[in-house]
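Each protein sequence line maps, in turn, to chains A and B. Counted from 1, the first sequence has number 321 at position 92 by this note's numbering; the numbering is strictly sequential. Counted from 1, the second sequence has number 417 at position 110 by this note's numbering; the numbering is strictly sequential. Cβ atoms here follow ideal geometry from the backbone N, Cα and C, with glycine treated the same way. These numbers were taken from a predicted model, which means no experiment stands behind them. Worksheet for the structure shown next.
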Amino acid sequence: MSTSAERSFVIVDGVRTPFLKMGSDFATIDAVEQGRVVIQTLLSRTGIDPEIVDEVIFGCVSQPADAANIARVIALRAGLPQSIPAMTVHRNCASGLEALTTASDRHAAGHGEVFIVGGTENMSRIPLFFPLAAAAKFAALSRAKTAGGRAAAAIRFRPSDFAPVVGLKLGLTDPVSGMNMGETAELVARDYGISREEQDLFALSSHRKSTAGRAELAKEIIPVYLPNTSQGYVDKDNGVRENQTIEALARLRPVFEPKTGTVTAGNSSQITDGAVALLAMDEKRAESLGLEPLGRLVDYAYSGCDPRRMGLGPAFAIRKLHQRTGLRPEEADLIEINEAFAAQVLAVLKLLKSEDFSGLAIPEDRLNLLGGAIALGHPVGATGARLVLTVLKQLQSSGKKRALISLCIGGGQGGAAWLERL
Amino acid sequence: MNSETTSRLSLQIMDGIAVLTLDNAERPINLVDDAFLTELESAIGQLSTCGAKGLVILSAKAKVFLAGADLHSLGSLRGEALSAMITRGQQVFESIARLRLPTVAAIHGACLGGGLELALACRQRIASDSHSTKIGFPETQLGLLPAWGGSTRLPRLLGLPKALSLILSGKQLDAGGAKHVGLIDEIVPKERLLERAIALIQGRSSQRKTHFWTNNPLVAALIRQSSQRQLLAKTHGHYPALLTALDVVSRAGMSPQASTAASFERERNAFLELVEGDTTHQLIRLFFLQEDAKSRRYDEGVDIRSLPPTRSAAVIGAGVMGSGIAQFTAARGIPVLLADIDAARVAQGMKSVARLFDEAVRRHIFTPHEAERKRDLVAPTADPVSLRGCDLVIEAAVENLEVKKKIFADLCVRSSDRTVLATNTSALPITELAKSDGITHPERILGIHFFNPVSRMKLVEIVVTELTSPETVERALAFVRALGKTPVVVKDSPGFLVNRILMPYLVEAARLVESGVSVARIDQAMLDFGMPMGPLRLLDEIGLDVAGHVASTMTAAFGERFAIPALLDQLTSEGKIGRKSGSGFYDYDHRRETPRVFQCNQDQPGLDHIARQLADCMSHEAQLCLDEKIVADADSIDLAMVLGTGYAPFRGGPMKYQSILSERTAT
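Okay, here's the thing in structure tokens:
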């Protein structure tokens with residue numbers, strides 16, 4: 230546990246880009262640029278000397294092929310000195326949270342005091358791949374020395390060789406169970422009897438809360454300057470549908486089980502581009518620098534579960550964290566459970582009311598007060614850090630004390646963390 | 308291994324190959340002077356006796372291969388002595404060209420003028436990929452031409468068109484550019500130059516191109532004719548070196564068979580004639596002034612090594628000037644914050660920054676990758692962020708003293724006591740700003756006045772108030788030099804230096820229109836005089852509203868000679884305020900500009916007369932600035948006017964123009 234007063238780990242400040250739907254304005258930039266902008270802005274806003282940073286830790290699920298160890302690329306391009314190391318972490322949908330918890334472990338072990346952590350994802354730019362058979366033929370073509378050899382190699386191509394494999398689809402499929410994330414959501418919907426209507430109502434509520442929470446959300450968001458657009462900058466999430474109706478949601482067709490399913494594009498999280506950066510450090514260091522932290526990371530836990538029901542992950546992580554800290558959800562002033570799918574969140578709420586999880590029921594009036602990924606979007610590598618930022622900013626605005634965040638993780642895991650104001 | 312070391316170069320034999328290392332023992336750079344030629348001659352003489360299989364020439368200096376002739380020593384020579392020096396250089400380089408063994412110039416660093424002529428005398432050239440490698444013939448920029456064989460050898464190596472473009476533009480190429488035009492054979496990392504040069508000597512040499520299609524009498528004559536037309540249109544015949552170089556180079560290129568000796572003769576005669584001309588004197592003088600401005604101290608008493616360099620900067624105001632300054636600062640590798648009061652303004656600034664970097668890529672100043680990395684250095688912000696980490700802040704907000712006072716009071720709170728706070732104002736009183744409420748440490752406040760467009764204009768006025776500390780001035784000078792600009796220190800006074808001298812000239816031009824002289828005639832007179840743009844066209848460019856505003860501030864300070872004529876007021880009230888409004892002294896549509904016709908007299912004064920009258924306005928005001936000690940000396944005024952306004956360089960500047968005129972009148 231990292232609650233000992235000596236090694237208290239605090240989050241000083243944080244910023245995020247607006248979250249933009251796949252294919253909109255961030256399709257012209259990439260995950261590196263998004264990450265660069267949030268770190269550069271975090272540095273200028275906090276005014277800290279970049280030299281004092283001990284490490285940069287960033288989460289990213291689909292690292293661009295041209296930016297291996299994307300955290301290092303981002304750190305250098307954001308103007309951090311070359312001497313400061315950087316690492317990329319990957320825990321699928323929780324990568325942004327993993328960045329913070331890894332830094333917290335580093336700090337607890339005495340490996341550094343000041344960290345820039347966060348996550349970035351540009352789902353617009355996840356590439357298409359050639360099938361393996363085509364790759365072999367391209368290799369043969371490039372090896373051919375003579376014109377005849379090249380012609381012979383070229384005629385071996387078939388139209389199917391040029392049908393790309395969609396990287397995004399690969400990324401959203403669990404290779405162990407072979408199930409797409411949406412299919413896992415259908416499975417928990419069946420297991421827990423979550424109806425289409427319940428899911429749609431949950432989605433509608435997400436959009437309504439995000440719409441009402443615009444001003445509060447704006448506190449997290451920085452403008453991103455895009456010289457090639459007419460306005461020249463973006464500073465608003467563009468996934469929130471202010472006029473969303475239950476009728477419109479009801480008209481959507483299920484994506485993963487067209488005839489019998491319940492999971493639609495409307496009651497799932499949106500596929501989105503965005504980045505988040507947090508400045509986290511030793512509490513005493515923050516004090517000596519004259520910085521006023523937003524809050525501290527009390528403790529965290531990750532837990533594994535059935536990959537085919539990965540959406541239930543939060544329930545297991547919350548229970549594990551309860552075992553470590555003794556804290557119950559009812560002690561939280563704010564709770565965020567990432568909305569990967571309405572079905573999955575609703576199933577988690579049901580599960581936490583069951584006997585196996587006695588005493589861990591979620592007070593739903595404190596859940597996702599500004600909406601969630603269904604309205605704002607889910608840039609997978611960044612979301613974990615957004616949840617931290619969102620609850621800390623809300624605690625600051627409301628003057629409340631404690632928050633619990635949690636998310637499900639593709640591949641069958643859950644993550645959870647407690648945060649509190651000092 | 309056998310070794311011979313002297314004060315300019317050394318010769319070693321390595322594995323039977325002679326390696327000639329240029330390394331001036333007395334200076335940080337290598338230059339061609341008398342001693343250099345003597346030593347080079349003797350080294351070449353030894354080659355035949357030592358039985359070397361080849362010759363490599365390279366430099367031991369960090370940033371210079373051979374930076375050309377020593378202008379100081381060359382400048383001290385006259386007549387016969389100078390003629391002998393030219394002949395000698397030609398002979399020594401020719402003796403290298405005639406060596407019956409493979410020769411390779413291995414270039415790293417500046418290889419300019421005489422340095423390139425030495426390299427051209429070698430059979431092959433390779434160059435390092437370093438940023439300090441620069442290859443070219445800057446001679447025509449000084450009113451001269453390459454006369455140690457360069458004007459003869461270059462057209463034979465590159466073909467006439469490419470050779471002319473290099474010599475007439477004075478352009479300095481990097482290794483990539485030099486390889487592209489065929490000036491060098493290979494690009495090699497610095498550390499591998501010698502190794503590769505030796506390998507080339509041991510390998511087979513390749514065939515040179517003959518450039519038959521351009522270097523024949525007929526085509527060469529056509530090229531010469533069309534180049535001459537272009538040059539005359541561009542220079543109004545004011546730069547004889549260009550025409551002379553065109554002639555010498557074209558004739559050298561016309562017939563490759565023609566005797567080299569005859570071409571050398573033409574080079575020498577042309578050089579000796581040019582070196583006597585006024586134009587050349589002025590261009591060389593300005594060159595030295597500019598070199599001097601690069602290192603000139605403001606206060607010798609300040610220990611500049613103890614001053615913090617500008618490692619990060621901030622620009623307040625993301626308008627045209629602010630974004631231009633931020634972009635240029637980033638382009639020179641200094642991280643810079645670009646701030647304005649809201650995201651929309653910052654976004655406009657970031658658009659300009661992006662546009663300027665795109666332009667730099669188009670003009671081959673940066674590769675797309677370099678431009679992207681430099682662009683990363685600009686951090687946009689619309690929040691009042693802390694500036695404690697900034698070494699220097701430049702304010703480039705709206706030209707309104709009350710606004711600036713508020714901004715500076717706020718900057719004092721947000722920055723550290725050691726942060727230099729500069730304003731880019733072009734007209735407002737900086738002393739008053741430094742003395743206003745809320746200002747702490749006024750000794751770190753001064754003006755750093757860039758000219759528009761920032762990326763093109765070399766001059767920056769450093770405006771010093773009575774409160775500014777010498778340390779602040781030295782730090783500002785160091786910053787401006789780090790940007791590669793030429794600073795001129797001026798005293799805080801309305802209009803500072805350049806705009807003050809320019810303004811009565813512009814006002815007078817407008818008065819001439821009022822008195823019935825045609826717009827076209829006035830601008831033609833000044834173009835003929837050698838200004839890059841006529842005064843009325845320039846007024847349209849500045850904007851009649853802006854010019855009127857500046858002029859009235861200056862009238863208040865200096866009196867009637869700045870008073871704007873009624874015509875200017877009338878045009879402004881009609882909304883015809885220059886190019887931005889589509890009309891002023893000219894009408895602008897699409898890409899054409901037509902001088903407007905105002906009331907015109909039948910008899911128009913002579914062009915010379917107009918030019919004289921308008922040039923006098925500048926010289927008169929320049930003299931007043933000197934008398935008021937706005938600036939340290941007359942030379943600084945001349946340099947500032949040439950770099951800041953494009954004042955006809957061959958005339959040397961407004962002070963020199965006046966002194967030449969009075970000398971003539973006296974005799």
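Taking C-beta pairs closer than 9 Å, name the residues in chain B that A/Arg301 reaches, listed in chain order. Neighbours of A/Arg301 on chain B: none; closest Cβ ~14 Å, over 9 Å.
Grouping DSSP H, G and I as helix and E and B as strand, with all else coil, what is B/Asp894? B/Asp894 falls in the strand class under three-state DSSP.
With B/Ile364 as the anchor, note down where its beta strand (DSSP E) starts and where it stops. First-last of the beta strand (DSSP E) with B/Ile364: Gly361 to Ser366.
Would A/Gln269 pass as an interface residue toward chain B - the criterion being a Cβ-Cβ separation below 8 Å? Chain B places a beta carbon closer than 8 Å to that of A/Gln269, counting this residue as a contact.
Does the beta-carbon of B/Trp520 have 16 or more other beta-carbons within 10 angstroms, so that it is buried, or is it exposed? So B/Trp520 ends up on the exposed side.
Any idea what DSSP makes of A/Cys637, helix, strand or coil? Looking at A/Cys637 - three-state DSSP - the assignment turns out to be strand.
Looking only at its chain, what residues have a beta carbon closer than 7 Å to the beta carbon of B/Arg903, apart from the 5 residues adjacent to it on each side? So the qualifying residues of the chain are Val826, Phe892, Tyr893 and Asp894.
Using the three-state DSSP reduction, which class does A/Ile322 fall into: helix, strand or coil? The amino acid at residue 322 of chain A is misidentified as Ile; the sequence shows Cys. Here A/Cys322 sits in strand by DSSP.
Under 7 Å Cβ to Cβ from A/Thr440, same chain only, skipping five residues before and after it: list those, please. Answer for A/Thr440: Val469 and Glu471, listed in chain order.
Quick one: list the residues of chain B neighbouring A/Pro452, beta-carbon separation under 7 Å, in chain order. By Cβ distance, chain B contributes Ala650 and Ala689.
Alpha carbon to alpha carbon, how far is A/Tyr176 from A/Thr474? Because residue 176 of chain A is not part of the residues shown, which for chain A are 230 to 651, the question remains open.
List the DSSP bridge partners of A/Asp242. A/Leu508, per the DSSP bridge assignment.
Could you please give the first and the last residue of the uninterrupted alpha helix (DSSP H) stretch that includes A/Asp429? Taken as a continuous stretch (DSSP letters only), the alpha helix (DSSP H) holding A/Asp429 covers Arg425 to Ala441.
Three-way DSSP call (helix, strand, coil) for B/Phe343 in this model: DSSP places B/Phe343 in helix when its eight states are reduced to three.
Find the residues of chain A that neighbour B/Ser693, judging by a C-beta separation of less than 7 Å, and give them in chain order. The answer, in chain order, is Gly276.
A/Pro404 in three-state terms, based on DSSP: Three-state DSSP puts A/Pro404 in coil, outside helix and strand.
Helix, strand or coil: how does DSSP classify B/Met840 here? Residue state, collapsed to three classes: coil.
So which of A/Ser253, A/Glu262, A/Val318 and A/Phe255 has the shortest CA-CA distance to A/Glu284? The shortest C-alpha to C-alpha distance from A/Glu284 to any of A/Ser253, A/Glu262, A/Val318 and A/Phe255 is the one to A/Val318.
Could you tell me whether any Cβ in chain B is nearer than 8 Å to the Cβ of A/Pro456? Yes, its Cβ sits closer than 8 Å to a Cβ of chain B.
Per DSSP, what kind of secondary structure is A/Glu449 in: helix, strand or coil? DSSP places A/Glu449 in coil when its eight states are reduced to three.
Hey, is the stretch 405-423 of chain B in contact with the stretch 357-376 of chain B, meaning 3+ C-beta pairs nearer than 8 Å? Segments in contact, yes.
Who are the neighbours of A/Arg265 on chain B, taking C-beta pairs under 9 Å? Under the 9 Å cutoff, chain B gives Asp683.
Looking at chain A, is there any beta carbon in it that lies within less than 8 Å of the beta carbon of B/Gln655? Judged by the 8 Å Cβ criterion, B/Gln655 is in contact with chain A.
For the stretch 654-680 of chain B, which residues have a CB atom closer than 8 Å to at least one CB atom of chain A, in sequence order? From the stretch 654-680 of chain B, only Ala654, Gln655, Met657, Lys658, Val660, Ala661, Arg662 and Arg680 have a Cβ closer than 8 Å to chain A.
Bridge partner(s) assigned by DSSP for A/Leu556: The bridge partners DSSP lists for A/Leu556 come to none.
Counting contacts by CB-CB distance shorter than 8 Å, is B/Leu644 in contact with chain A? Interface residue, yes.
Three-state secondary structure (DSSP) at A/Thr232? Bear in mind that the predicted position of A/Thr232 carries a pLDDT of just 46, short of 50, making it unreliable; the figure below should be weighed with that in mind. Here A/Thr232 sits in coil by DSSP.
How many angstroms separate the CA atom of B/Gln353 from the CA atom of B/Leu327? Near 11 Å, if we compare the C-alpha coordinates of B/Leu327 and B/Gln353.
Indicate whether the contact test is met: 3 or more Cβ pairs, each with one atom in the stretch 628-647 of chain A and one in the stretch 459-468 of chain A, closer than 8 Å. Touching, no.
Using the C-alpha atoms, what's the distance from B/Asn806 back to B/Tyr546? Whole-angstrom Cα-Cα distance: 26 Å.
4 or more residues per run - each alpha helix (DSSP H) lying fully within the stretch 413-454 of chain B: For the stretch 413-454 of chain B, whole alpha helix (DSSP H) runs of length 4 or above, ordered along the chain, are 421-427.
Below 8 Å between beta carbons: does that hold for B/Leu538 and B/Leu529? It is not a contact, given that the beta carbons lie outside the stated cut-off.
I'd like to know whether the C-beta of A/Arg480 is nearer than 8 Å to at least one C-beta of chain B. Taking Cβ atoms only, chain B never reaches closer than 8 Å to A/Arg480, which makes this a no.
Run down chain B in chain order and give the residues with a C-beta less than 9 Å from the C-beta of A/Gly610. Residues of chain B passing the Cβ test: none, with the nearest at roughly 21 Å.
Given B/Ala873, which residues of its chain have a CB within under 8 Å of its CB, disregarding the five upstream and five downstream residues? So the qualifying residues of the chain are Glu821.
Between A/Leu648 and A/Arg525, how many whole angstroms is the CB-CB distance? I'm expecting something under 8 Å. Between A/Arg525 and A/Leu648 the Cβ distance is about 7 Å, and since that is below 8 Å, they are a contact.
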